[in-house]
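Only one structure is covered here, and it is reproduced in the block below.
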Amino acid sequence: LVCRDGETLGRWKRDVNTGPQFQMPTYQVSVPENGPAGTPVILLRAMDPDEGDAGRLDYSMDALFDSRSNSFFAIDPQTGAVTTAEELDRETKSTHVFRVTATDHGVSTATIHITVEDDNDNSPQFSEKRYVVQVPENVASNTHILQVNATDRDKGSNAMVHYSIMSGNTRGQFYIDAQIGNIDVVSQLDYEMNKEYTLRIRAQDGGRPPLSNISGLVTIQVLDVNDNAPIFVSTPFQSTVLENVPVGYSVIHIQAIDADSGENARLEYALVDMSPNFPFTINNNTGWIVVASGLDREAVDFYKFGVEARDHGSPPMTSSASVSITILDVNDNNPEFTQREYTMRLNEDAAVGTSVLIVSAIDRDVNSVITYQITNGNTPYIMCESSQLWLG
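Note that the UniProt record's numbering has the sequence shown beginning at 1, numbered continuously upward.
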């Protein structure tokens, strides 16, 4: 444009506003998690050839797909510097996408993809607070019994979990696969020695430095197997009993124990190796041997027989022991003369003190002492001393 006013000649060039232009249509950038608010992310630049106010740009950004991203980042409207607005957590949200706008009297847009980089800020977490498994005591060695599982919310090596047994495996009866968490029995279990094991498991990730969790608990309940026969508390069993005790009299208590449990340890008793007309019986549950019929020491003064204890396992196991019972005497027999009638001849001139006759009697009882006396039919001339008759 040219103007003339006599002496002065001026020339003006009119500026035509050209819209700004970002250097790239799309930006890819990463930022570490857990950094403080204000952590630099990227400096965006849009080019504007205009001069003066026409070339002054205003920057803004708006989240795409998820409006929550707007709270995590901020952009300086004058410089285009993008920073974090708060501490980031990759496990909460790992990617953010924004539309960035540069404005003068024209508009230019670009897209920015922000990936939150992982920091090893999560320890592994077990899938259960306590794992419980039941295992029979006769389980074979190298048998798999349980798998523990822990996951880590981080990624890559920060999320790789390795397992180990921290405590409870003092005898080395269990093994854990460090990679997959399988627990195996590697040596013989014995219910009678240890009915339950509690293992503390550590899960450790592969971060640098690593994070670990030692709250994993595994309870291994050992189930009883009928692998123990009954054991009698004292053998052989011996007792004595008077021959005149009544039927039902308790003579001796037979007792056995079984190291197993439950039905495997419940015992029944039985008598074995008995003679004919055996006068004793046993309570199958309590083990008391009692008199079942009358005793007579003079007929049988000693009994020897067997007793058996059997558990209720499947299959059952048995043990046996010997029992001896001696019958004690009671004075229950009268003396008996060896003859029903004695006959003698005596000369009338026999001298005083002459032995006339010897009588004899026996008593079936033990240690019996027999005394004799004339009860009737005597004359003043016959005397009795011990078993001998003589003239008085």
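Think of the CB as a built atom: it goes at the ideal place given N, C-alpha and C, for glycine as much as any other residue.
Can you look up residue i in the DSSP assignment and give me helix, strand or coil?
{"i": "Ser368", "result": "coil"}
{"i": "Ala229", "result": "coil"}
{"i": "Arg340", "result": "coil"}
{"i": "Glu268", "result": "strand"}
{"i": "Arg248", "result": "Looking at the sequence shown, residue 248 is not Arg but Gly. Reduced to three states, the DSSP call for Gly248 is coil."}
{"i": "Ala159", "result": "helix"}
{"i": "Arg200", "result": "strand"}
{"i": "Arg99", "result": "strand"}
{"i": "Asn70", "result": "helix"}
{"i": "Gly262", "result": "helix"}
{"i": "Leu64", "result": "strand"}
{"i": "Asp296", "result": "coil"}
{"i": "Val222", "result": "strand"}
{"i": "Thr375", "result": "coil"}
{"i": "Lys351", "result": "Residue identity differs from the one stated: residue 351 is Ala in this sequence, not Lys. Note: Ala351 maps to coil in three-state DSSP."}
{"i": "Met166", "result": "strand"}
{"i": "Ile75", "result": "strand"}
{"i": "Tyr191", "result": "coil"}
{"i": "Asp58", "result": "strand"}
{"i": "Ile257", "result": "strand"}
List the residues that DSSP assigns as beta-bridge partners of residue i.
{"i": "Thr151", "result": "Gln125"}
{"i": "Thr318", "result": "Arg310"}
{"i": "Val185", "result": "Thr143 and Phe174"}
{"i": "Phe305", "result": "Val323"}
{"i": "Gly216", "result": "Ile201"}
{"i": "Phe278", "result": "Phe278 is not bridged to any residue."}
{"i": "Val241", "result": "Ile327"}
{"i": "Ile37", "result": "Correcting the residue identity first, residue 37 is Ala in this sequence and not Ile. According to DSSP, Ala37 bridges with nothing at all."}
{"i": "Ile180", "result": "According to DSSP, Ile180 bridges with nothing at all."}
{"i": "Gln21", "result": "Met47"}
What distance in whole Å lies between the Cβ atoms of residue j and residue i, which are believed to be in contact at a cut-off of 8 Å?
{"i": "Val241", "j": "Leu146", "result": "Not really, about 58 Å apart at Cβ, beyond 8 Å."}
{"i": "Ile201", "j": "Ile231", "result": "Not really, about 38 Å apart at Cβ, beyond 8 Å."}
{"i": "Pro124", "j": "Asn213", "result": "5 Å"}
{"i": "Ser322", "j": "Pro236", "result": "4 Å"}
{"i": "Thr103", "j": "Asp58", "result": "5 Å"}
{"i": "Val291", "j": "Gly248", "result": "6 Å"}
{"i": "Gly172", "j": "Ser187", "result": "7 Å"}
{"i": "Ser69", "j": "Phe98", "result": "7 Å"}
Would you kindly report the start and end of the unbroken beta strand (DSSP E) that includes residue i?
{"i": "Pro133", "result": "Pro is not the amino acid found at residue 133; the sequence shown has Val there. Residues Arg130 to Pro136."}
{"i": "Ser30", "result": "Thr26 to Pro32"}
{"i": "Ile114", "result": "Val107 to Glu117"}
{"i": "Ala81", "result": "Ala81 to Thr84"}
{"i": "Ile289", "result": "Trp288 to Val291"}
{"i": "Val41", "result": "Pro40 to Leu43"}
Three or more C-beta pairs below 8 Å linking the stretch 215-222 and the stretch 189-197
Cβ pair count under 8 Å is three or more, so yes.
Pairing CB atoms from the stretch 37-45 with CB atoms from the stretch 75-87, are three or more of them under 8 Å? yes
Can at least three beta-carbon pairs, one atom from the stretch 18-26 and one from the stretch 61-70, be found at a separation below 8 Å?
no
Review point. Can we say the stretch 295-304 touches the stretch 313-321, given the rule of at least three CB pairs closer than 8 Å?
Key: no
| said: When you compare the stretch 331-342 with the stretch 303-310, are there three or more beta-carbon pairs, one atom per stretch, that lie closer than 8 Å? | reply: These segments do not touch.
Query - Given 8 Å, three or more beta-carbon pairs between the stretch 129-140 and the stretch 152-171 - result: no
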